[in-house]
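Heads up: the structure comes next, in structure tokens.
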Amino acid sequence: MRRWIGLFIFTLLCAIAYAEKPEQKVGIALYLNDITRIQPQEEIIELEATIFLRWQSEKKGVKDQYFYGNQVDDALKTMWWPYFIFLDTRGTTQVTHKAMKISNNGMVEYMAKYTLSIETALNMHKFPFDTQTINIQVTPFGPMPYRIQYYLLNDKIGINPVAHIEEWKLTGTKNKISAQNENQYQLSLNYQRKSGYYLYKVFLPMLIIVFISYMVLWLPRQPAINRLAVIITAMLTIVAFQWAVTSDVPKVSYITFLQAMVLFFFIMVGLKAILVVIGESVKEAEKYKLMHWSRIIYPVVLLLGIIIISWIWFSIY
31 MRRWIGLFIF TLLCAIAYAE KPEQKVGIAL YLNDITRIQP QEEIIELEAT
81 IFLRWQSEKK GVKDQYFYGN QVDDALKTMW WPYFIFLDTR GTTQVTHKAM
131 KISNNGMVEY MAKYTLSIET ALNMHKFPFD TQTINIQVTP FGPMPYRIQY
181 YLLNDKIGIN PVAHIEEWKL TGTKNKISAQ NENQYQLSLN YQRKSGYYLY
231 KVFLPMLIIV FISYMVLWLP RQPAINRLAV IITAMLTIVA FQWAVTSDVP
281 KVSYITFLQA MVLFFFIMVG LKAILVVIGE SVKEAEKYKL MHWSRIIYPV
331 VLLLGIIIIS WIWFSIY
């Protein structure tokens with residue numbers, strides 16, 4: 031009981047001490063220079079961004095002062111500045127360029143270009159028709175004599191027009207200061223995957239394979255072994271397609287839209303093998319009747335299956 035009371039008092043004193051700190055407003059903005067790579071397998075985004083900070087310093091002079099490169103580090107050692115970190119980074123964060131201006135009234139403008147990798151959770155349910163939101167978050171780090179309050183530098187916010195990735199389309203951005211935490215800045219990037227590659231290289235070839243194997247229902251007079259050979263070849267081809275696209279999807283515990291479609295096509299091709307075997311085990315007249323109705327019902331079931339799977343994945347997820 032004493033331990034809990036002591037912990038409560040300590041927390042209360044820390045909160046009071048923080049509340050008593052003078053407020054320091056810091057302007058902040060991110061300019062996105064480039065998105066170099068999005069790695070769905072590792073859920074990592076590699077990017078280049080320039081951060082801008084603006085704050086009022088007690089250090090004043092008779093004229094404006096300018097600093098570049100290592101000069102910036104030397105100047106910051108002689109004054110307080112709002113040290114910050116990027117959240118959810120992986121690997122080494124590199125600063126490639128930096129510059130700073132201290133006006134004669136003490137207003138400091140700091141800018142630095144970073145190359146970094148951000149970890150982000152990707153929702154791959156609708157892959158390859160998915161959209162992703164990438165959040166780049168910045169927050170102060172370490173003990174400070176001030177209570178930092180960020181505000182947006184709207185004149186510095188922007189995106190390089192040539193910052194794009196071939197497979198992705200930027201659909202929107204949002205800059206905000208966290209409503210729960212005034213000293214946390216967030217830039218959200220909304221990307222939509224360009225699905226043309228998967229439509230022409232995966233879905234269309236698989237549909238062609240399914241319809242080629244569908245032809246066996248129109249050849250009831252052919253030996254069963256020949257028709258089964260066509261079906262087995264089609265099934266192996268679909269399996270090969272599945273292995274080909276697996277490298278583009280992270281190892282998630284759920285089934286993506288593409289995986290669901292591949293599995294459905296695999297089942298539909300395998301269903302024809304069952305129909306061929308059943309046809310060989312019944313009388314000739316019943317065999318032709320079975321093949322006749324199969325030729326009619328099969329495309330309907332295929333179309334309904336595609337519609338149902340699409341509805342489930344795009345309405346629920």
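Numbering (the numbering used here), first residue to last: 31 to 347.
Glycine included, C-beta positions come from ideal geometry on N, C-alpha and C.
Delimiting residues of the alpha helix (DSSP H) encompassing Leu288: Looking at the DSSP string, the run of the alpha helix (DSSP H) that includes Leu288 is Phe287 to Glu310.
Alpha carbon of Ile58 to alpha carbon of Tyr113, nearest angstrom: Cα to Cα, Ile58 sits roughly 12 Å from Tyr113.
Cβ neighbours of Ile81 in the same chain (closer than 6 Å, five flanking residues each side left out): Correct list, in chain order: Leu60 and Ala142.
Gly335 - partner residues in DSSP beta bridges: Checking the DSSP bridge columns, you'll see Gly335 has no partner listed.
Nearest-angstrom Cα separation, counted from Phe116 out to Arg223: Approximately 25 Å between the Cα atoms of the pair.
According to DSSP, residues forming a beta bridge with Thr203: DSSP output for Thr203 lists Leu219 as bridge partner(s).
Residue span of the beta strand (DSSP E) that contains Ile116, given as start and end: Going by the sequence as given, residue 116 is Phe instead of Ile. Counting along the chain, Phe116 sits inside the beta strand (DSSP E) bounded by residues Phe114 to Phe116.
Contacting residues, own chain, Cβ-Cβ under 7 Å from Met321 (five flanking each side not counted): Counting only Cβ-Cβ distances below 7 Å, and skipping sequence neighbours, we find Leu247, Pro250 and Gly309.
Those residues which DSSP pairs with Ala142 across a bridge: Ile81 and Lys128, per the DSSP bridge assignment.
Local conformation of Tyr347 per DSSP, three classes: Tyr347: coil per DSSP, three-state reduction.
For Ala59: DSSP bridge partner residues: According to DSSP, residue pairing for Ala59 in a beta bridge involves Phe82.
Ile255 versus Ile238: straight-line alpha-carbon distance, rounded: Approximately 22 Å between the Cα atoms of the pair.
The alpha helix (DSSP H) enclosing Phe241, as first and last residue numbers: Looking at the DSSP string, the run of the alpha helix (DSSP H) that includes Phe241 is Leu234 to Tyr244.
Beta-carbon proximity check, Ala129 vs Phe171, cutoff 8 Å: The answer is no: Cβ separation not under 8 Å.
Range of the contiguous alpha helix (DSSP H) that encloses Val192: Annotation for Val192: no alpha helix (DSSP H) segment contains it, and DSSP assigns it neither H nor E.
Leu106: first and last residue of the uninterrupted alpha helix (DSSP H) it sits in: Taken as a continuous stretch (DSSP letters only), the alpha helix (DSSP H) holding Leu106 covers Asn100 to Leu106.
Tyr215 to Leu334 span [Cα, whole Å]: So the two alpha carbons sit approximately 47 Å from each other.
Endpoints, beta strand (DSSP E) assigned at Gln252: Boundaries cannot be given for Gln252, as no beta strand (DSSP E) includes it and DSSP labels it neither H nor E.
Limits of the beta strand (DSSP E) - the one that Pro170 falls within: Element bounds for Pro170: Thr161 to Pro170.
Cα-Cα separation, Asp94 to Glu149: Just so you know, the alpha carbons of Asp94 and Glu149 end up roughly 39 Å apart.
Selection from Lys302, Ser87, Tyr228 and Lys281 that minimises the alpha carbon distance to Ile262: Taking Ile262 as reference, the option from Lys302, Ser87, Tyr228 and Lys281 with the minimal CA-CA separation is Lys302.
Tyr181 (DSSP reduced to helix, strand or coil): Residue state, collapsed to three classes: strand.
According to DSSP, residues forming a beta bridge with Ile54: In the sequence under discussion, the amino acid at residue 54 is Gln, which differs from the Ile named in the question. The bridge partners DSSP lists for Gln54 are Ile178.
Option nearest Asn134 by Cα separation, candidates Gly99, Gln86, Val275 and Tyr180: The residue with the shortest Cα to Cα distance from Asn134 is Gln86.
CB contact check: Gln101 to chain D, cutoff 8 Å: Here there is only one protein chain, and chain D is not present.
Counterpart residues of Leu147 in DSSP-defined beta bridges: The sequence given here has Ser at residue 147, not Leu. Answer is Glu76.
Helix, strand or coil at Met109 [DSSP, three-state]: It is coil, neither helix nor strand.
Proximal residues to Tyr181 (C-beta, below 8 Å), its chain only, five neighbours per side dropped: So the qualifying residues of the chain are Lys55, Val56, Gly57, Ile58 and Ile207.
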